[in-house]
Ligand SMILES: [Zn+2]
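Residue numbers (the working numbering): 192 to 304.
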């Protein structure tokens, strides 16, 4: 379950930043998770609640914002969200595409006092 180590890393960043900013208690943490990142929202939620116990993030809300997968065609440079399992350009049908967004996972913001 890679969500545990993932959340642990993110919490380390949040808690480091919070203590740098004299925040004693974190009330919410917002994440942006790409559709294609491969993290399950339920597993993230579970990991968050387990790992925040007895920390400054205990009881904080986890807000997960999903980001859709967006590809860019290398032939016509159009950006599009793929439909179904194919990554073909929906405009010119080319196969040469690259990922613009949808594979990321990062902290959007956190709140505390
Ligand atoms: Zn194209």
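Glycine included, C-beta positions come from ideal geometry on N, C-alpha and C.
From a predicted model like this one, the values you see are computed outputs, not experimental measurements.
If you draw a straight line from the alpha carbon of residue i to that of residue j, how long is it in whole angstroms?
i           : j           : result
residue 277 : residue 259 : 15 Å
residue 266 : residue 227 : 23 Å
residue 304 : residue 291 : 35 Å
residue 249 : residue 229 : 25 Å
residue 235 : residue 204 : 16 Å
residue 279 : residue 268 : 12 Å
residue 213 : residue 237 : 27 Å
In terms of DSSP beta bridges, what is residue i paired with?
i           : result
residue 225 : 258
residue 219 : 252 and 302
For residue i, I'd like the list of residues in its chain whose CB is within less than 7 Å of its CB, leaving aside the five on either flank, ordered along the chain.
i           : result
residue 247 : 206, 209, 215, 216 and 217
residue 239 : 198 and 253
Tell me which same chain residues have a C-beta within less than 8 Å of the C-beta of residue i, skipping the five on either side of it?
i           : result
residue 194 : 230, 231, 234, 235, 237 and 238
residue 261 : 270, 271, 272, 290, 291, 292 and 293
Which residues in the same chain have their Cβ closer than 6 Å to the Cβ of residue i, if we skip the five residues on either side of it in sequence?
i           : result
residue 256 : 223
Give me every residue whose Cβ sits closer than 6 Å to any heavy atom of ligand 1, in chain order. 264, 266, 267, 269, 280, 282, 283 and 285
For the region 247 to 304, which segments carrying the alpha helix (DSSP H) assignment without a break, of at least 4 residues, lie completely within its bounds, in sequence order? none
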